[in-house]
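Enquirer: Would you mind keeping the following structure in view while I ask a few things?
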Amino acid sequence: MVNDSKSLLSALSRRHFMQLSGATALALGGLGHRAFAAEPISTAAIYTVPVEQQWVSRIHVAAEAAQARGDITYTYSENTSNSDYERVMREYCEAGHKLIIGEVFAVEDAARAVAADYPDVAFLLGSSFKPKADLPNFAVFDNYIQDASYLSGIIAGAMTETKNIGMVGGYPIPEVNRLMHAFMAGAKEMQPDIEFQVAFIGSWFDPPKAKETAFAQIEAGADLLYAERFGVSDAAKEKGLLAVGNVIDTQSDYPETVVASALWHFEPTLDHAIAQLKAGSFKADDYGVFSFMKEKGCSLAPLGTFEGKVPEAALKLIAEKSAAIMDGSFTVEINDTEPKSS
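Okay, so the sequence shown: first residue is 1 according to the numbering used here, each after it adds one.
Set out below in structure tokens:
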């Protein structure tokens, strides 16, 4: 009975201490009361899809690189259902992890509730919403790779012969919509009268459905496909057509199919968060800018097997636009509205 009483008192004392610590953290406006300069930051990631999926794979690769150089320790959960996301977040927090990364597009309210309960933990999560001042330990990011998407569109516009491009996406949400719009704008730089077939499959990872949707677009006249999802390039390959990739470079798997890809580099986003934690100055912030080309957060993949096959006019325009993006004289429009077929 004495031991039970001591355990209860200990638990109550610990809860009281955490509440006081949380209040202090809120008063300080962030996690500035603790720095991690001399130790790897214990980091956990929660993914709703396999780590092979395009978007998540870029986070995974950056985290593994940070662990390899000793900045963090890294563990992760993949294929976590939305209904289970909050539980997994809490388990990682209770286990002592100090940085939680992942994507919470479908579980925003639950994720922010967890962050409020663990003010000494830093959260860096993919989100369609902005950070809030009353939740100083919750920073957001997104894949703002519209710069690279625009450049890949220029190549697509130069390579299509039917002037009909098929586009298959997961869901019409901002982080997909803005990339499609940028791609379309780039394509129209080469041929203003290009038409686009736009479709969404209602899934982040359903290659068979994406493939069938792409086949339908080919039947309707598309001779080039924008592969926002896995499965689209398979359809292009089977029909002997070209495809443009998104987020990762899959040309090694489709050497005669994938002519270009807009790449996302998560390293600048994660590295900035690590630096802020090490300095004791992590706070609620919008990390979206670290996906911009100027911050080395995105790039156009090397042409590889298509070297010498892309029209010179397109390459010249890409060089001009790239320089203008980097020096700030040209800005690719960020359009988050749902794209439509034209």
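C-beta atoms are modelled at their ideal positions from N, C-alpha and C, and glycine is treated no differently.
In this text the structure is predicted, and so the values were computed from the model without any measurement.
Where residue 185 and residue 240 are concerned, what is the direct C-alpha to C-alpha distance, given to the nearest angstrom?
Expert: The residue given as residue 185 occupies position 185 in the sequence shown. The residue given as residue 240 occupies position 240 in the sequence shown. Approximately 25 angstroms between the Cα atoms of the pair.
Enquirer: Applying the criterion that 16 or more other CB atoms from any shown protein chain within 10 Å of the CB defines a buried residue, is residue 79 buried or exposed?
Expert: Translated into positions along the sequence shown, residue 79 becomes position 79. Burial call: exposed.
Enquirer: Whether or not the region 168-186 and the region 129-138 are in contact is what I'm after, with contact meaning three or more pairs of Cβ atoms, one per stretch, closer than 8 angstroms; do they touch?
Expert: Too few Cβ pairs lie closer than 8 angstroms, so no.
Enquirer: In angstroms with no decimal places, state the Cα-to-Cα distance between residue 190 and residue 214.
Expert: As a working note, residue 190 is residue 190 in the sequence shown. As a working note, residue 214 is residue 214 in the sequence shown. Approximately 23 angstroms between the Cα atoms of the pair.
Enquirer: On the DSSP bridge assignment, give the partners of residue 299 in chain order.
Expert: By 1-based counting over the sequence shown, the position of residue 299 is 299. Paired residues: 263.
Enquirer: Consult DSSP for residue 307 and reduce its assignment to one of helix, strand or coil.
Expert: What you label residue 307 is simply residue 307 of the sequence shown in a count that begins at 1. Looking at residue 307 - three-state DSSP - the assignment turns out to be coil, as it is neither helix nor strand.
Enquirer: Under 7 angstroms Cβ to Cβ from residue 343, same chain only, skipping five residues before and after it: list those, please.
Expert: Outside the shown range of the chain (1 to 342) lies residue 343, about which nothing can therefore be said.
Enquirer: In whole angstroms, give me the CA-to-CA distance for residue 32 and residue 125.
Expert: Translated into the one-based positions of the sequence shown, residue 32 becomes position 32. Translated into the one-based positions of the sequence shown, residue 125 becomes position 125. Its pLDDT being 47, under 50, residue 32 is placed unreliably in this model, and the value from its coordinates should be taken loosely. Cα-Cα distance, rounded: 19 angstroms.
Enquirer: Work out the CA separation of residue 174 and residue 325 for me, nearest whole Å.
Expert: Residue mapping note: residue 325 aligns to position 325 of the sequence shown, counting from 1. Residue mapping note: residue 174 aligns to position 174 of the sequence shown, counting from 1. Computed Cα separation, rounded: 21 angstroms.
Enquirer: Is it a yes or a no for the region 93-105 touching the region 265-278, going by three-plus beta-carbon pairs under 8 angstroms?
Expert: Verdict: yes, contact present.
Enquirer: Based on DSSP bridge pairs, tell me the residues matched to residue 286.
Expert: If you number the sequence shown from 1, residue 286 lands on position 286. According to DSSP, residue 286 bridges with 140.
Enquirer: With DSSP collapsed to three states, give me the class of residue 101.
Expert: The residue given as residue 101 occupies position 101 in the sequence shown. Of the three classes helix, strand and coil, the one that applies to residue 101 here is strand, per DSSP.
Enquirer: DSSP state of residue 77, grouped into three classes?
Expert: Taking the first residue of the sequence shown as position 1, residue 77 is located at position 77. DSSP places residue 77 in strand when its eight states are reduced to three.
Enquirer: Starting from residue 153, follow the alpha helix (DSSP H) in both directions and report where the run begins and ends.
Expert: For the purposes of this step, residue 153 is taken as residue 153 along the sequence shown, with counting starting at 1. Where residue 153 is concerned, the enclosing alpha helix (DSSP H) stretches over 146-159.
Enquirer: Which of the three DSSP states, helix, strand or coil, is assigned to residue 196?
Expert: Locating residue 196 in the sequence shown gives position 196, counting from the first residue. Correct three-state label for residue 196: strand.
Enquirer: What does a CB cutoff of less than 7 angstroms around residue 314 pick up in its chain, not counting 5 residues either side in sequence?
Expert: The residue you call residue 314 lines up with position 314 of the sequence shown. Contacts found: 154, 155, 158 and 190.
Enquirer: Which two residues bound the contiguous beta strand (DSSP E) that contains residue 164?
Expert: Along the sequence shown, one-based indexing puts residue 164 at 164. From DSSP, the beta strand (DSSP E) with residue 164 extends over 164-169.
Enquirer: Who are the near neighbours of residue 51 in its chain, counting only those whose CB is closer than 8 angstroms to its CB and skipping five residues on each side?
Expert: For the purposes of this step, residue 51 is taken as the residue at position 51 of the sequence shown. 57, 60, 76 and 78, listed in sequence order.
Enquirer: On a Cα-Cα basis, can you pick out the residue from 285, 323 and 251 that is closest to residue 307?
Expert: Numbered from its first residue, the sequence shown carries residue 307 at position 307. Residue 307 has its Cα closest to that of 251, out of 285, 323 and 251.
Enquirer: Provide the residue span of the beta strand (DSSP E) that contains residue 224, from first to last.
Expert: Taking the sequence shown and counting its residues from 1, the one referred to as residue 224 is at position 224. Residues 224-227.
Enquirer: State the Cα-Cα distance for the pair residue 103 and residue 92, rounded to the nearest angstrom.
Expert: Your numbering for residue 103 matches position 103 in the sequence shown. Your numbering for residue 92 matches position 92 in the sequence shown. So the two alpha carbons sit approximately 15 angstroms from each other.
Enquirer: Leaving out the 5 sequence neighbours to the left and right, which residues in its chain are closer than 6 angstroms to residue 218 when beta-carbon positions are compared?
Expert: What you label residue 218 is simply residue 218 of the sequence shown in a count that begins at 1. If we look at residue 218 and ignore the five residues flanking it on each side, its Cβ neighbours are 239.
Enquirer: Which same chain residues end up closer than 6 angstroms to residue 25 when comparing Cβ atoms and leaving out the 5 residues on each side of it in sequence?
Expert: Residue 25 sits at position 25 when you count from the first residue of the sequence shown. In this prediction, residue 25 has a pLDDT of 42, which is less than 50 and means its spatial position is unreliable; what the coordinates show is noted afterwards. Hits under 6 angstroms: 119.
Enquirer: To which residues of the same chain is residue 340 closer than 7 angstroms at the C-beta, ignoring the five residues directly before and after it?
Expert: As a position in the sequence shown, residue 340 is number 340, starting the count at 1. Same-chain partners within the cutoff: 198.
Enquirer: Leaving out the 5 sequence neighbours to the left and right, which residues in its chain are closer than 7 angstroms to residue 140 when beta-carbon positions are compared?
Expert: Locating residue 140 in the sequence shown gives position 140, where the first residue counts as 1. Answer for residue 140: 125, 127, 129, 130, 131, 286 and 287, listed in chain order.
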